[in-house]
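**Q** If you count the sequence shown from 1, position 295 lands on 295 in full-length UniProt numbering, and the numbers rise without skipping.
We treat Cβ as the ideally placed atom computed from N, Cα and C, and that holds for glycine.
Quick caveat, the model's predicted, so the values are computed rather than measured.
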Amino acid sequence: MFVVDQSAFAIILCLLTMLFWGSWTNGQKMVTQSAPLPVFYRDYVYGIVGTAVLVAFTLGSLGDKGRSVWADLQQAEAVSLALAFAGGVVFNLGNWLLASGINRSGIAIAMPIGTGLSLAVGLVVNYIAEPTGSLPLLIAGGVSVLVAIAFSALAYLAKEESESSDDSDKTGIWIALAGGLVAGFFFRTVSASIAADLNKPEPGMLTPYSALLLFSIGIGLSNPLIERLVKRFKLAGDEEPANGVTLRQRGIGLASGFIWSLGMAALLVGSPEAGDAVSYGLSQGATIVSVLWGLFLWKEFEGAPAKANRYLWLMGATYVAGLILIILARS
Numbered sequence: 001m002f003v004v005d006q007s008a009f010a011i012i013l014c015l016l017t018m019l020f021w022g023s024w025t026n027g028q029k030m031v032t033q034s035a036p037l038p039v040f041y042r043d044y045v046y047g048i049v050g051t052a053v054l055v056a057f058t059l060g061s062l063g064d065k066g067r068s069v070w071a072d073l074q075q076a077e078a079v080s081l082a083l084a085f086a087g088g089v090v091f092n093l094g095n096w097l098l099a100s101g102i103n104r105s106g107i108a109i110a111m112p113i114g115t116g117l118s119l120a121v122g123l124v125v126n127y128i129a130e131p132t133g134s135l136p137l138l139i140a141g142g143v144s145v146l147v148a149i150a151f152s153a154l155a156y157l158a159k160e161e162s163e164s165s166d167d168s169d170k171t172g173i174w175i176a177l178a179g180g181l182v183a184g185f186f187f188r189t190v191s192a193s194i195a196a197d198l199n200k201p202e203p204g205m206l207t208p209y210s211a212l213l214l215f216s217i218g219i220g221l222s223n224p225l226i227e228r229l230v231k232r233f234k235l236a237g238d239e240e241p242a243n244g245v246t247l248r249q250r251g252i253g254l255a256s257g258f259i260w261s262l263g264m265a266a267l268l269v270g271s272p273e274a275g276d277a278v279s280y281g282l283s284q285g286a287t288i289v290s291v292l293w294g295l296f297l298w299k300e301f302e303g304a305p306a307k308a309n310r311y312l313w314l315m316g317a318t319y320v321a322g323l324i325l326i327i328l329a330r331s
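1. If you reduce the DSSP assignment to three classes, tell me which class L206 lands in.
2. Mind checking which residues open and close the alpha helix (DSSP H) that includes F151?
3. To the nearest angstrom, how far is the alpha carbon of V320 from that of T287?
4. Expressed to the nearest angstrom, what Euclidean distance is found between the alpha-carbon atoms of L229 and A236?
5. Taking contact to mean 3 or more Cβ pairs, one atom from each stretch, closer than 8 Å, check whether the segment 100-114 and the segment 192-206 are in contact.
6. Between which two residues does the alpha helix (DSSP H) carrying L59 extend?
7. How about N92 and I226: do their beta carbons lie closer than 7 Å?
8. Here's the rule: buried if 16 or more other CB atoms are within 10 angstroms of the residue's CB, otherwise exposed. What is F233?
9. Measuring only the C-alpha atoms, how far is V39 from Q249?
10. Quick one: complete alpha helix (DSSP H) runs, 4+ long, within the segment 18-54?
11. Is the beta carbon of Y44 sitting closer than 7 Å to the one on G220?
12. Taking all protein chains shown into account, decide if Y311 is buried (16 or more other Cβ within 10 angstroms of its Cβ) or exposed.
13. Would the segment 53-62 count as touching the segment 75-82 if we require 3 or more Cβ pairs under 8 Å?
14. Out of curiosity, what's the CA-to-CA distance linking W293 and V278?
15. Am I right that T246 and G66 are in contact with their C-beta atoms under 8 Å? What's the rounded C-beta distance?
16. Along the chain, where does the alpha helix (DSSP H) containing P201 start, and where does it finish?
17. State whether the segment 296-309 contacts the segment 266-278, with contact taken as three or more CB pairs (one from each stretch) at a distance under 8 Å.
18. Mind checking D167: buried by the 16 CB within 10 Å criterion, or exposed?
19. Between which two residues does the alpha helix (DSSP H) carrying F186 extend?
20. How about A176 and M315: are their beta carbons less than 7 Å apart?
21. Taking 7 Å as the cut-off, decide whether the C-beta atoms of A266 and L13 are in contact.
22. If you draw a straight line from the C-alpha of A84 to the C-alpha of S290, how long is it?
23. Straight-line CA distance for M30 to L138?
24. Taking the alpha-carbon positions, what's the V89 to A183 distance?
25. Tell me which same chain residues have a C-beta within less than 6 Å of the C-beta of V55, skipping the five on either side of it?
26. Which residues in the same chain have their Cβ closer than 7 Å to the Cβ of L117, if we skip the five residues on either side of it in sequence?
27. Tell me, to the nearest whole angstrom, how far the beta carbon of G281 is from that of I326; I am working on the premise that it is less than 8 Å.
28. Using 10 angstroms around the beta-carbon of residue 400, count the other beta-carbons present and answer buried if the total reaches 16, otherwise exposed.
29. Sorted by chain position, which residues of the same chain lie with C-beta nearer than 7 Å to residue 339's C-beta, five sequence neighbours on each side aside?
30. Quick check: the Cα distance between L119 and V125, rounded to an integer number of angstroms?
31. Out of curiosity, what's the CA-to-CA distance linking G122 and A71?
32. Let's see if you can read the secondary structure: which residues bound the alpha helix (DSSP H) around W70?
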């Protein structure tokens, strides 16, 4: 399998994760302008699964290092297989909620709220599993991220107040928070199944490529049930477009899943060489990328009052400060 053994290349992979994870939501914005969220999300899932299969049986099966995907799956213990699969189910539930929050509140608000809480929860989960790093700095970083979430909510409320809309929908904030709470557990679940040494993977554990494959299968198999639950509780539009789904809409959904899955693969492969602190901090920087898309591409706060924009700047500053503190704590 392909193994990264150069730190500079590993950091580039983590930067790609930041870019890809911060950009997939643009596809959602494009498709949901004329179609309900489930139309986009189904193809998004197909894109994730297809990309994981492609990566697993190319990069994950070529070369003379480590184990090929097929050999890896054959020797893996049941608990490793179950953890990678369960990580996909947990991610899918959290991401469905996040996508529903984006539909209601926009990228610039739902992403920092949802992924910010996911980051805070992930810090707690990871520290309990492996109590390493500076606890005071981790606490300070987590609190800073939570403050950023509060500024995001205040920015949204200030924007809504200025529009004087009687039917303004604030439930997007709560849905995004619920998504972040769930998603905070997914990465730890997946990483617990992956071997520490990729050149000589421990028996019973998975390589990143096999873990990504099982993770994507968990997403794909859980999606029909989770979609039904989302529709049942009216978290996303459930009416199919009258004219059916266009090829353009299908292509955008598939491309969004493709770039998200590539980002996940890049993080899993690059993080052992880049180091825990750098890879974690860079991947979570995806939130800032997504906020910039929401502000400058989709003009989500165009015409908003100065107070709302001040809250957004404060959100960005506190979120970046939180990431820096977390990186320092884990270094």
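**A** In this structure, then:
1. L206: strand per DSSP, three-state reduction.
2. For F151, the uninterrupted alpha helix (DSSP H) segment begins and ends at 135-163.
3. V320 and T287 have their C-alpha atoms spaced approximately 10 Å apart.
4. Their backbone Cα atoms lie some 10 Å apart in a straight line.
5. No, because fewer than three Cβ pairs between the segment 100-114 and the segment 192-206 fall closer than 8 Å, the two stretches do not touch.
6. Run containing L59: none; DSSP gives neither H nor E here.
7. Yes, they are a contact pair.
8. Its Cβ having fewer than 16 others within 10 Å, F233 is exposed.
9. Answer to the nearest angstrom: the Cα atoms are 8 Å apart.
10. Runs of the alpha helix (DSSP H) inside the segment 18-54: 25-31.
11. Going by C-beta atoms, Y44 is not nearer than 7 Å to G220.
12. If you draw a 10 Å sphere on the C-beta of Y311, you find 16 or more other C-beta atoms in it, and that means buried.
13. Segment contact: the segment 53-62 against the segment 75-82, fewer than three CB-CB distances shorter than 8 Å; contact not assigned.
14. So the alpha carbons of these two residues sit roughly 23 Å apart.
15. In fact, because the Cβ distance is near 42 Å, the residues do not count as touching under 8 Å.
16. Going by DSSP, P201 is part of no alpha helix (DSSP H) at all; its letter is neither H nor E.
17. No, they do not touch.
18. Its pLDDT being 48, under 50, D167 is placed unreliably by the model, and nothing is read from it.
19. The continuous alpha helix (DSSP H) containing F186 extends over residues 186-191.
20. No, the Cβ-Cβ distance between A176 and M315 is not below 7 Å.
21. Contact: yes.
22. Taking the straight line from one Cα to the other gives about 26 Å.
23. Taking the straight line from one Cα to the other gives about 37 Å.
24. If you take the alpha carbons of V89 and A183, they lie about 10 Å apart.
25. Once the five neighbours on either side are set aside, the close Cβ partners of V55 are A265.
26. Cβ neighbours of L117 within its own chain (closer than 7 Å, five residues either side excluded): I149, L177, G180, L181, G184.
27. The C-beta distance from G281 to I326 rounds to 6 Å, short enough to fall under 8 Å.
28. Within the shown structure, residues of the chain are numbered from 1 to 331, placing residue 400 beyond reach of any answer.
29. Outside the displayed range of the chain (1 to 331) lies residue 339, so it cannot be described from this structure.
30. The straight-line gap from Cα to Cα measures roughly 10 Å.
31. Take the alpha-carbon of G122 and the one of A71: they are about 31 Å apart.
32. Counted as a single uninterrupted DSSP element, the alpha helix (DSSP H) harbouring W70 occupies residues 69-75.
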